[in-house]
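Contents: one structure, followed by commentary.
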Amino acid sequence: MKTPSRPARGGGVFVYRRGARGLSTCAAALLSILGACKESEPEGPTKPEPSSAPEQSAAKPPDPLPNTASCPEEMVNAGGYCIDKYEAHLVRVDSPETVLPHFEHPKRKVKYMARSRAGIAPQAYINRMEAARACKAAGKRLCSAREWYGACAGSRGTRYPYGDEEVAGVCNTGKTHLMQKLFGPNVKYTYAAHYNSPRLHKEPGFLAKSGEYDGCVSDYGVYDMVGNLHEWVADDVSRKLLKEVPVEFGPELLGPKGSGAFIGGYFSSQGEHGRGCAYLTATHSPDYHDYSIGFRCCAGELGEGEPR
Numbered sequence: 004m005k006t007p008s009r010p011a012r013g014g015g016v017f018v019y020r021r022g023a024r025g026l027s028t029c030a031a032a033l034l035s036i037l038g039a040c041k042e043s044e045p046e047g048p049t050k051p052e053p054s055s056a057p058e059q060s061a062a063k064p065p066d067p068l069p070n071t072a073s074c075p076e077e078m079v080n081a082g083g084y085c086i087d088k089y090e091a092h093l094v095r096v097d098s099p100e101t102v103l104p105h106f107e108h109p110k111r112k113v114k115y116m117a118r119s120r121a122g123i124a125p126q127a128y129i130n131r132m133e134a135a136r137a138c139k140a141a142g143k144r145l146c147s148a149r150e151w152y153g154a155c156a157g158s159r160g161t162r163y164p165y166g167d168e169e170v171a172g173v174c175n176t177g178k179t180h181l182m183q184k185l186f187g188p189n190v191k192y193t194y195a196a197h198y199n200s201p202r203l204h205k206e207p208g209f210l211a212k213s214g215e216y217d218g219c220v221s222d223y224g225v226y227d228m229v230g231n232l233h234e235w236v237a238d239d240v241s242r243k244l245l246k247e248v249p250v251e252f253g254p255e256l257l258g259p260k261g262s263g264a265f266i267g268g269y270f271s272s273q274g275e276h277g278r279g280c281a282y283l284t285a286t287h288s289p290d291y292h293d294y295s296i297g298f299r300c301c302a303g304e305l306g307e308g309e310p311r
């Protein structure tokens, strides 16, 4: 895999620059999953134990809408399709009780399966293809941008999962730049040594366990869609993508054809690429990975997001 020739300094991920070499930037069905969801899951608390979340949420979570279609226990119905309640972590296919440490990049010759459960740190350091394979192994698929945005905005179509106006501290966003804290502001950051350093997710107070920010939930009952980790979606970059998500910039800020996209921002985001559910980064190659990007899975009928 090629690595970016020059990292950008100011965000959690490399920023696309036209002309740069390297990574573009340097940037079935429901029935089948009902059996898969009965496989053993890793032991973990049913309720997360907050480590970095505020003592009290700044907004009362809305009451989830009743499910009108059958979804696996770890998923909710978001108006015609199922989506994971929480950002995904990985377990080995041959040993479903073995959780991959969230600060490690998935090993090449090991098959992983996506799981969604409260109280477990979600997986980062993962590229789009790896995320899609993990969803498929669980009998699901990577969400399309349209599905992802719809679940985040909820039945009311709000800018944030909890409403139209941002309330500080409800979601895990706006924290200091972690790489600058650990490595200093005047370092020439590199893809392997810095953007993918395991140290980044061993530092307390940044990445939260799934569901810690209990007010960061849409009325469908989907958590952590704004902040914590960016989340890969299945769409390739195209002008159509701008119609799937109401982004706040034009096509000139999209990466080249074949680039991937991730949505929602991460724990240090401050609205650089949009606000709330419309925070979109669409400049990176699908084989890109770093400490700020995770994923979740979908299932059901809406789809239209399989990588092309």
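Sequential numbering of the sequence shown, starting at 4, is according to the numbering used here. C-beta: ideal position from N, C-alpha, C; glycine also. Because the structure is a prediction, the values reported are computed rather than measured.
Residue i, DSSP secondary structure in three states
i, result
"residue 265", "strand"
"residue 251", "coil"
"residue 155", "helix"
"residue 89", "coil"
"residue 174", "coil"
"residue 197", "helix"
"residue 74", "coil"
"residue 133", "helix"
"residue 150", "helix"
"residue 242", "coil"
"residue 182", "helix"
"residue 162", "coil"
"residue 297", "strand"
"residue 202", "helix"
"residue 281", "helix"
"residue 145", "strand"
Pair within 8 Å by beta-carbon distance, residue i and residue j
i, j, result
"residue 153", "residue 82", "yes"
"residue 270", "residue 236", "no"
"residue 107", "residue 128", "yes"
"residue 219", "residue 189", "no"
"residue 229", "residue 279", "yes"
"residue 210", "residue 124", "yes"
"residue 233", "residue 105", "no"
Between the CA atoms of residue j and residue i - distance to the nearest angstrom
i, j, result
"residue 65", "residue 179", "Annotation note: pLDDT 46 at residue 65 (below 50); position unreliable, coordinate value reported separately. When rounded, the distance between both Cα atoms is 29 Å."
"residue 192", "residue 199", "10 Å"
"residue 195", "residue 252", "30 Å"
"residue 111", "residue 294", "18 Å"
"residue 126", "residue 255", "31 Å"
"residue 259", "residue 275", "20 Å"
"residue 57", "residue 216", "Confidence in residue 57 is poor, its pLDDT being 38 and thus under 50, which makes the residue's placement unreliable; the coordinate value appears in the next sentence. Roughly 8 Å separates the two Cα atoms."
"residue 292", "residue 131", "8 Å"
"residue 165", "residue 231", "16 Å"
"residue 272", "residue 169", "13 Å"
"residue 76", "residue 113", "26 Å"
"residue 282", "residue 268", "6 Å"
"residue 162", "residue 221", "10 Å"
"residue 100", "residue 167", "39 Å"
"residue 183", "residue 223", "36 Å"
"residue 145", "residue 136", "8 Å"
"residue 207", "residue 277", "26 Å"
"residue 80", "residue 143", "14 Å"
"residue 250", "residue 257", "11 Å"
Close beta carbons around residue i, own chain, < 6 Å, minus the five adjacent residues each side
i, result
"residue 133", "109"
"residue 85", "74, 78, 302, 303"
"residue 103", "93"
"residue 138", "117, 144, 145, 300"
7 Å Cβ shell around residue i - same chain, five flanking residues per side excluded
i, result
"residue 148", "236, 238, 244, 247, 248, 264, 266, 308"
"residue 202", "185"
"residue 328", "Beyond the ends of the chain as shown, which are 4 and 311, falls residue 328; an answer cannot be given."
Other residues of its chain near residue i: CB distance less than 8 Å, five sequence neighbours each side excluded
i, result
"residue 197", "10, 182, 186, 190"
With three or more beta-carbon pairs closer than 8 Å as the criterion, would you say the stretch 88–105 touches the stretch 157–173? The stretch 88–105 is not in contact with the stretch 157–173.
Kindly confirm or deny that the stretch 114–133 and the stretch 291–298 touch, where touching means at least three C-beta pairs closer than 8 Å. Verdict: yes, contact present.
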